[in-house]
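In terms of full-length UniProt numbering, the numbers along the sequence shown are unbroken and rise by one, the last being 228. The block underneath contains the structure these notes are about, expressed in structure tokens.
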Amino acid sequence: MGAGYSKDSYVCLNVGGTLYSTTLSTLTSVSDSMLESMFREGIPATQDPDGHIFIDRDGTMFRYVLNFMRDKKLCLPSTFVEYDQLLAEAEFFQLPDLKEAILLKMSKDKEVVILTKLSSVSWNSDLPQMRIIDNACVVEAKRETWPSLKHLNNAAFLPEQPETYLKHLPSETTLIHKCFELQYFRHIAACLIEDGFSTLNNKELTVRRYDYSSYNTGETVLLFTRQV
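Written out as structure tokens, the structure reads:
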């Protein structure tokens with residue numbers, strides 16, 4: 001643990017102006033997540049005027065992030081619709097199991113495809129399980145969805161070998177990931193639209209992952225859905 005912390009430590013976070021109280025064991029319960037790495041490496045954190053650790057993210061969405069780290073399951077109200085924003089939080093806090101849980105929640109009545117643009121990535125020897133590629137885009141969809149992506153499957157551009165891309169992947173995943181050169185990002189989006197998908201809320205999400213000393217990446221995420 002970083003200096004001044006033990007597993008039993010009580011921690012107060014200020015996330016986008018909303019205060020959360022929890023324990024260090026909860027915040028470090030997911031290996032190689034943003035928060036686990038922050039406390040494990042003792043990375044200096046910004047503090048608010050009252051001494052709380054400040055994280056400049058959506059305070060409302062963090063409720064679901066924190067509960068997922070506590071219970072290892074995603075519980076959302078029946079009226080919840082902000083899946084795109086919650087996906088952005090899962091990306092920022094580097095919680096691949098939460099990301100997959102979001103997809104599974106959405107896919108009960110929709111098919112979902114995630115298109116992610118990766119850039120400015122560098123190797124971090126402290127995180128050897130990460131696989132790195134500069135300037136790429138990754139398409140993620142459930143196994144049964146891939147055969148229906150006819151325009152993408154028939155496109156002239158081919159995916160690179162899957163072992164070459166950066167992703168925190170759960171040990172068991174229902175998603176199939178394919179990596180393409182970055183130049184095809186817009187072409188892939190067009191193929192998905194041709195196959196009947198539309199972007200959720202018609203917007204991109206630009207996600208800045210946590211800035212470690214030797215690991216930094218910006219991500220643009222497009223979330224596509226199609227009615228089953």
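Yeah, the Cβ is synthetic: ideal placement off N, Cα and C, and Gly gets one too.
query, result
"Cα-Cα separation, serine 148 to cysteine 191", "11 Å"
"Presumed contact (8 Å Cβ cut-off) between aspartate 136 and glutamate 181, rounded CB distance", "Looking at the sequence shown, residue 136 is not aspartate but alanine. At roughly 7 Å, the Cβ-Cβ gap stays under 8 Å, so alanine 136 and glutamate 181 are in contact."
"Serine 171, DSSP secondary structure in three states", "Note that serine 171 scores 45 on pLDDT, short of 50, meaning its location in the model is unreliable and no value can be drawn from it."
"Euclidean distance between Cα positions of valine 30 and glutamine 94", "9 Å"
"Nearest neighbour of proline 49, chosen from Asn14, Ile102 and Leu86 [CA to CA]", "Asn14"
"Inter-residue CB distance, residue 229 and leucine 152 (contact presumed, cutoff 8 Å)", "For residue 229 there is no data in the structure shown, the boundaries of the chain being 1 and 228."
"Strand pairing of tyrosine 10, partner residues [DSSP]", "Thr23"
"Which listed residue (Thr22, Thr18, Phe62 and Ala45) has its alpha carbon closest to that of alanine 88", "Phe62"
"Sub-7 Å separation of valine 113 and cysteine 179 beta-carbons", "no"
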